[in-house]
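First the structure, in the form of structure tokens, and then the observations on it.
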Amino acid sequence: MKLRRSLFGALFLALSTLPLAARADVKLPKVIGDNMVVQRDIKIPIWGTADPGERVEVSLEDRHADATADAHGHWKAVLGALPAGGPYELTIAGKNKITLKNVLVGEVWVCSGQSNMEMSVNRAMNAEQDIAAANYPKIRLFTVPKKVAETPLDDIAAGPNQTVQWVECSPQTVPGFSAVGYFFGRDLYKALDVPIGLIHTSWGGTPAESWTSKETLEADPELRPIAARWEKTLRDYPEAKEKYEKQLATWKEEAAKAKAEGKPEPRRPVEPLGPQHPHRAAGLYNAMITPLVPYAVRGAIWYQGESNAGRAYQYRKLLPAMIRDWRKAWQNEEFPFLIVQLANFMQRAPEPGDSDWAELREAQLQTLSVPHTGLGVTIDIGEANDIHPKNKQDVGHRLALIAEATTYGKDVEYSGPSYASMHAEGSAIRLRFTHAGGGLVAKRGDKLEGFAIAGKDRKFHWAEAKIDGDSVVVRSDQVADPVAVRYAWANNPATNLYNKAGLPASPFRTDDWEGITADKR
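Okay, here's the thing in structure tokens:
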């Protein structure tokens, strides 16, 4: 009898504590928090986790919505659209109640890419002055921690010592934030006079395929080799890692011996690519993009391409595919996507020739065929000896002009001269342009620079180029019967074609001859 009573008591205790252990407070993803900016004029999704079947009520200003957690504990409530304003309190109530403070309604943009997007304000030119002047409490900043994931994550992953939160823009918070993102947001704030939210998610040195879903890569025959290459890399990783560790142990022994004998070390073995490498196809999309969805945003700015320059022709497919990928994730086919074209870099070539960076810039330019995209040209503000040029103010400004004109309908010129067509005129070729912006100009002197011309032999020669109204006439004594013109077609070209709005022309070519990256996949 005693045994039965003790068993019954133990069973009762176990059953009575189970519901307490299973009960879960309503929780929010890290991107939803105090100081955030929610997107104006469109519906506002708020989501999180709770007990399966739990009803959650959400309120912001005079907008209310409720949701019920599904069998996995996930819920999403959608609030009605609000105009710009605030600060407000956002409440989320279930078994527990969360109150988020200092919430604004305005314009929200994602800032993504590789190191030139990651480069912080404190590394940009005039950093001291810009940081001191960064008192913009209605601009809010959010940075996504770096992480690679095999499958899409529900929430942003943060390390034990990482604080992930929205902050007001100030001289204290802005120094480590993306310089391009901040200068873009600052110019937008001045132009629109509404709160601005900037979500920075980037990682230096990463290729575009890291920011693209696996499904999208595998769906396109031209992109499938990227996914297949990574699948093989991951299959081979255990063996490669074991081999590397043996080589490393040998190297350490030899290095210690060489040091004792005063000899130079042998070359250190290179660690193999593995599951946590930031170049992993879809790895950053899974960890640093999907956790942001479905946070309501206006669009994205993108500074990336250096890591894909060796496969520039493939980038013609990859970048538009990635854009479609993000738009599908956010369920918004009109999601504005503004691209920074690669800046000039490396030593200047003495003669016209091929260039993988020129081909990558062309791929970025061709992406303008995708609706609701824009291109910020930076061919004039790079540095020969630094892949991270310090002038990020003009980058942000040019992106902001594109957004003001194409997203917000302001009457401003947002593009430099854009090549439209060519026409042979005897020994010369006449080029016509759109976005003349009040007239074409040769900056820094009267003579245009950076033009090359070729005949049917496809050999390019430097050319004389003169402005004639909204067109440019190009010729060379070395080419009697020209068929093609290229402008700024080099890693670090001489350039000075602008419009009167002060914006530079994009590099371009009139030919479609196969480039040096055409067969690189």
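Sequential numbering of the sequence shown, starting at 334, is according to the numbering used here.
Glycine residues also receive a C-beta, built at the ideal position from the N, C-alpha and C atoms.
Under the three-state reduction of DSSP, T549 is assigned to helix. Beta-bridge pairing by DSSP links N832 to L773. Beta-bridge annotation (DSSP): S535 is paired with G446. Three or more beta-carbon pairs drawn from the region 500-518 and the region 723-733 are found closer than 8 Å, and the two stretches are therefore classed as touching.
Here the C-alpha atom of T432 lies approximately 36 Å from the C-alpha atom of S543.
The Cβ atoms of A775 and N724 do not sit closer than 8 Å to each other. Among the bridge pairs identified by DSSP, E542 is matched with none. For P378, there is no enclosing alpha helix (DSSP H); the residue is part of the beta strand (DSSP E) that begins and ends at I377 to T382.
Excluding the 5 residues flanking it on each side, A827 has same chain C-beta neighbours closer than 6 Å at E782 and G783, in chain order. Across the structure, Y831 and G742 are spaced so that their CA atoms are roughly 23 Å apart. Nearest neighbour of K789 by Cα position, chosen from S804, T484, D689 and A817, turns out to be A817. The beta carbon of A645 lies closer than 6 Å to those of D689, E692, L693, A696 and T850 in the same chain, with the five residues before and after it left out. For R631, the closest C-alpha among the options W663, Q647 and R601 is that of W663.
Here K547 is buried. Its C-beta has 16 or more other C-beta atoms within 10 Å. Within the model, the alpha-carbon separation for V370 versus L393 is close to 12 Å. With respect to D803, R765 sits close: the two C-beta atoms are nearer than 8 Å. Closest by C-alpha distance to S511, out of I532, K650 and E666, is I532. Under the three-state reduction of DSSP output, W499 falls in the coil class, being neither helix nor strand. Collapsing the DSSP output to three states places Q580 in a helix.
Bounds of the beta strand (DSSP E) holding H397 are R396 to T401. Of all C-beta pairs linking the region 462-474 to the region 396-412, fewer than three are shorter than 8 Å, placing the two stretches out of contact.
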